[in-house]
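First the structure, in the form of structure tokens, and then the observations on it.
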Amino acid sequence: MTLFRPCIDLHQGQVKQIVGGSLNDDGADTNFVSSHDAAHYAALYHTHQLQGGHVIALGPGNKEQALKALKTWPGGLQFGGGVNDSNAREFLDAGASHVIVTSYLFDGGQFSWEKLEAIKAITGTERLILDLSCRRTEGGWHIATDRWQTVTATALTPANLKKLSQHCAEFLIHAADVEGLQGGIDEELVSLLGEHCDIPVTYAGGARSLDDLKRVCELSNGKVDLTIGSALDIFGGSGVTLAECIEWNRQQG
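So for the sequence shown, the working numbering puts the first residue at 1; every next one is plus one.
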């Protein structure tokens, strides 16, 4: 069944909620900056046993906060953001249940199977999550790298989803075009993922209320989980409370 998955998004050393498509070297349009550190949210998720959450470092300057979160709940959080074959082991040893990889896997906009094998040699399939965050194009959705600014040649087709699913434990997929806008989920993308993903997958982008959890469940036949960020009360939002999400998960039980 569809579950709520929590997140800790780090930008410039702080827990934030940003508009995903605005992220670049100069900064980002920001919905929320927390007065709490990453460890606070890790402890909160641990208390309520919200499994499968992710810590994402959006650019440099976030390692200290990321490590604090992982230390607070060893084995309870996934980590992504700049992960490659030279640092993946460090984050796993620091407490990440899995590492999440995107940009490292691409050379000049082309997917590198050689790099995938290199990081699998460190993580194994069972501790690797492929971040297939994407942007909509005329031909469907294409994976976007480099903080979602570079649209690659790799499309989210049923064939690619099936092939890539054999090399990782889960997929994480942000719909970068709607990320942080609280304007509703990308229903077509959720439907595609529900129909063609045969491993666990978490979708993020545009969620604004508890109804979006219900909608993702309906569209994906319960196969896709949902991350809610900017709309959540603990991130300054007014669309849905963490308590409601906890209760939703309990009911899926």
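The beta-carbon is built from N, C-alpha and C at its ideal position, and this holds for glycine as well.
Review point. If you compare alpha carbons, which of I119, L161 and A169 is closest to S97?
Key: Counted from its first residue, the sequence shown places residue 97 at position 97. If we check each option's Cα against that of S97, A169 comes out closest.
Point to revise | alpha helix (DSSP H) segments (min. 4 residues) lying fully within the stretch 169 to 210 | key: Correct list: 187 to 196.
Check your understanding: If we count Cβ pairs, one from each stretch, closer than 8 Å, do we get three or more for the stretch 61 to 68 versus the stretch 132 to 141?
Key -> The way I'd put it, the stretch 61 to 68 doesn't touch the stretch 132 to 141; fewer than three beta-carbon pairs between them come closer than 8 Å.
**Study point:** Residue span of the alpha helix (DSSP H) that contains I119, given as start and end
**Key:** Looking up residue 119 in the sequence shown gives position 119. First-last of the alpha helix (DSSP H) with I119: W113 to T123.
Exercise for review: Give the range of the beta strand (DSSP E) segment to which S97 is assigned.
Suggested key: For this step, residue 97 is matched to residue 97 along the sequence shown. It spans A96 to V101 - the beta strand (DSSP E) in which S97 sits, taken as one unbroken run.
**Study point:** First and last residue of the uninterrupted alpha helix (DSSP H) at N84
**Key:** By 1-based counting over the sequence shown, the position of residue 84 is 84. In the DSSP annotation of this structure, N84 is not part of any alpha helix (DSSP H), being labelled neither H nor E.
Review point. CB-CB under 6 Å to I84, same chain, minus the five flanking residues each way: which ones, in chain order?
Key: Taking the first residue of the sequence shown as position 1, residue 84 is located at position 84. Looking at the sequence provided, one finds Asn at residue 84 rather than Ile. Closer than 6 Å at the Cβ level, and outside the excluded window around N84, lie Y104.
Exercise for review: Measure the C-alpha to C-alpha separation of G82 and T30 and round it to an integer number of angstroms.
Suggested key: Numbered from its first residue, the sequence shown carries residue 82 at position 82. Numbered from its first residue, the sequence shown carries residue 30 at position 30. Cα to Cα, G82 sits roughly 21 Å from T30.
**Study point:** Cβ neighbour criterion (16 or more within 10 Å) applied to A175
**Key:** Along the sequence shown, read from residue 1 onward, the residue named residue 175 stands at position 175. Note on A175: 16 or more other CB atoms within 10 angstroms of its CB, so buried under the neighbour-count rule.
Check your understanding: Roughly how many angstroms lie between the CA atoms of E244 and G108, to the nearest whole one?
Key -> The residue you call residue 244 lines up with position 244 of the sequence shown. The residue you call residue 108 lines up with position 108 of the sequence shown. The straight-line gap from Cα to Cα measures roughly 43 Å.
**Study point:** Buried/exposed call for R89, threshold 16 Cβ in 10 Å
**Key:** What you label residue 89 is simply residue 89 of the sequence shown in a count that begins at 1. So R89 counts as exposed.
Exercise for review: Provide the residue span of the beta strand (DSSP E) that contains W148, from first to last.
Suggested key: Residue 148 sits at position 148 when you count from the first residue of the sequence shown. Counting along the chain, no beta strand (DSSP E) covers W148, and no H or E run does either.
Review point. Which residue or residues does DSSP assign as beta-bridge partners of G13?
Key: For the purposes of this step, residue 13 is taken as the residue at position 13 of the sequence shown. Answer is none; G13 lacks a bridge partner.
Practice item. Whole angstroms is fine: what's the gap from R270's alpha carbon to L232's? Key: The chain is shown from 1 up to 253; residue 270 falls before or after that span and cannot be answered.
Point to revise | Option in F32, V101, A121 and L161 with minimal Cα separation from A57 | key: The sequence position of residue 57 within the sequence shown is 57, counting from 1. The candidate whose alpha carbon is nearest that of A57 is V101.
Exercise for review: Give every residue of the same chain whose Cβ lies closer than 8 Å to the Cβ of S165, excluding the five residues on either side of it in the sequence, and list them in chain order.
Suggested key: Sequence index remark: in the sequence shown, residue 165 carries index 165 (1-based). The residues are F171, C197, D198 and I199.
Practice item. Give me the Cα-Cα distance between F235 and G205, rounded to the nearest whole angstrom. Key: Counting from 1 along the sequence shown, the entry for residue 235 is found at position 235. Counting from 1 along the sequence shown, the entry for residue 205 is found at position 205. Each residue's Cα considered, the two are about 15 Å apart.
Check your understanding: Looking at the structure shown, is Q166 part of a helix, part of a strand, or coil, going by DSSP?
Key -> Start at 1 with the first residue of the sequence shown, and residue 166 comes out as number 166. Looking at Q166 - three-state DSSP - the assignment turns out to be coil, as it is neither helix nor strand.
Practice item. Sort K163, L161, C134 and T202 by Cα distance to D177 and report the nearest one. Key: Position 177 of the sequence shown, counting from 1, holds the residue named residue 177. Nearest of K163, L161, C134 and T202 to D177, Cα basis: C134.
Practice item. Check the DSSP bridge columns for H142 and list the partner residues they point to. Key: By one-based count along the sequence shown, residue 142 stands at place 142. For H142, which the question treats as bridged, DSSP gives the partners R135 and A155.
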